[in-house]
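S.K.:
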Amino acid sequence: MSTSTLTSSFDTLPIELIHQIFNSLDEQTIILSLRYVCKRFYTITNVYNCYKLNFQSISKSNFDRICRFIQPENVISLTLSDEHTTTGQIQLFFSLFRIERFTRLCSLTLIHIKEPDLKRILQHLTTCKLTSLSIKQKDTYNRSKNN
39 MSTSTLTSSF DTLPIELIHQ IFNSLDEQTI ILSLRYVCKR FYTITNVYNC YKLNFQSISK
99 SNFDRICRFI QPENVISLTL SDEHTTTGQI QLFFSLFRIE RFTRLCSLTL IHIKEPDLKR
159 ILQHLTTCKL TSLSIKQKDT YNRSKNN
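Residue numbers (the working numbering): 39 to 185.
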């Protein structure tokens, strides 16, 4: 089967079926790869409204690319991390987006979040319709072996 035949087959799939396929894929595959298969997929990725963004283990360049594309109202799940490979990610993300714009957000996971960032986010969560909130706070004190 040639590439043009395969692309033509994708062009005829109902949007509901494409959404079902998207539901099984990670956001990097959808946004950074499938989006560029054809014009129809480009349009479909723009209106797909069930993104589950997991930024726990993502390169800075892919994080930036996804943030430029994503529309907050299309995100249902969000995982942000300030671990050693993604330091400063939470603060950067919320400098780009206001939490109130994530009107469909059901699940929020914050990993190694610093207390000031957590307080700022919690003040604005009252407008969200979360069904799941997971917080792993960053250890901000040193433990001594003598204690």
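Backbone N, C-alpha and C fix where the C-beta goes; we use that ideal spot for every residue, glycine too.
If you reduce the DSSP assignment to three classes, tell me which class I53 lands in.
M.R.: Residue state, collapsed to three classes: helix.
S.K.: Considering only residues of the stretch 93-163, which uninterrupted alpha helix (DSSP H) runs meet the minimum length of 4 residues and lie entirely inside it, listed in chain order?
M.R.: With a minimum length of 4 residues, the continuous alpha helix (DSSP H) runs that stay inside the stretch 93-163 are 98-107, 127-134, 153-162.
S.K.: DSSP on K90, reduced to helix/strand/coil?
M.R.: K90: strand per DSSP, three-state reduction.
S.K.: Out of Q66, Q175, T81, H122, which has the shortest C-alpha to C-alpha gap to I53?
M.R.: The candidate whose alpha carbon is nearest that of I53 is T81.
S.K.: Determine the contact status of I104 and R142, defining contact as a CB-CB distance below 8 Å.
M.R.: Taking 8 Å as the Cβ cut-off, I104 and R142 do not qualify as a contacting pair.
S.K.: Report yes if the C-beta distance between T117 and T147 is below 8 Å; otherwise report no.
M.R.: For T117 and T147, yes; Cβs fall inside 8 Å.
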